[in-house]
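Participant:
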Amino acid sequence: MTTIDTNLGKTSKGWNIGLWVAQALLAAMFLMAGATKLTSGSAELVAMGMGWAENAPFLLIKFIGLAEVAGGLGLILPAATRIMPRLTKWAAVGLCIVMVLAAGVHVFRGEFEVVPVNAVLFALAALVIWGRTNKAPIAPRG
Numbered sequence: 021m022t023t024i025d026t027n028l029g030k031t032s033k034g035w036n037i038g039l040w041v042a043q044a045l046l047a048a049m050f051l052m053a054g055a056t057k058l059t060s061g062s063a064e065l066v067a068m069g070m071g072w073a074e075n076a077p078f079l080l081i082k083f084i085g086l087a088e089v090a091g092g093l094g095l096i097l098p099a100a101t102r103i104m105p106r107l108t109k110w111a112a113v114g115l116c117i118v119m120v121l122a123a124g125v126h127v128f129r130g131e132f133e134v135v136p137v138n139a140v141l142f143a144l145a146a147l148v149i150w151g152r153t154n155k156a157p158i159a160p161r162g
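At the far end of the sequence shown sits residue 162, using our numbering, and the numbering has no gaps.
Set out below in structure tokens:
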């Protein structure tokens, strides 16, 4: 006996809304964090509680900030404009990588209290990847 999927080609409105909320929260967080790294010096970042910045090279801090800003924009702009919306998934992949590397740095430095934040942000980005691939993909324009 074969079954016919009547939802084939239909996107769940609830999934779409939930994924947009996740994307917006992640984008806000990474845009703020990235902008802070781009506009602040090492001493200021350490004073804000980012102890890892004390020993990090200046250009690495700026690169991380740029990656976070690009990832935050990538979570929203391609999907919202429907111009190459698959880039939204790739932005989320990049942010997952950033979170894995950040968690590694925090574990290495013994800052275990920060790792759950990295894990939650990783999980939200992974949800966006999965959701925009399987549950509520966004079709390109045209």
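Just so it is clear, CB atoms sit at the ideal spot from N, CA and C, and this is done for glycine as well.
What residue does the alpha helix (DSSP H) around G54 start on, and which one ends it?
Facilitator: G54 -> alpha helix (DSSP H) spans 33-59.
Participant: Distance check for V89 and M52, CA to CA, integer angstroms please.
Facilitator: Taking the straight line joining both Cα atoms gives about 8 Å.
Participant: Should the segment 83-97 be called in touch with the segment 49-69, which here means at least 3 C-beta pairs below 8 Å?
Facilitator: As far as the Cβ criterion goes, the segment 83-97 touches the segment 49-69, which means the pair count is three or higher.
Participant: Compare the C-alpha of G34 against each of A122, P157, P98 and name the closest.
Facilitator: The shortest C-alpha separation from G34 is found at P157.
Participant: Does the Cβ-Cβ distance between L115 and L46 come in under 8 Å?
Facilitator: Going by C-beta atoms, L115 is nearer than 8 Å to L46.
Participant: Determine the burial state of F50: buried for a count of at least 16 other Cβ atoms within 10 Å of its Cβ, exposed for fewer.
Facilitator: Buried, because 16 or more other Cβ atoms sit within 10 Å of the Cβ of F50.
Participant: Hey, how far is the Cα of A122 from the Cα of A159?
Facilitator: In a straight line, the C-alpha of A122 is about 32 Å away from that of A159.
Participant: Let's test the definition: count the other Cβ atoms within 10 Å of the Cβ of L65 and tell me whether it reaches 16, buried, or not, exposed.
Facilitator: Looking at its Cβ environment, which holds 16 or more other Cβ atoms inside 10 Å, L65 is buried.
Participant: Mind checking L144: buried by the 16 CB within 10 Å criterion, or exposed?
Facilitator: Under this definition L144 is a buried residue.
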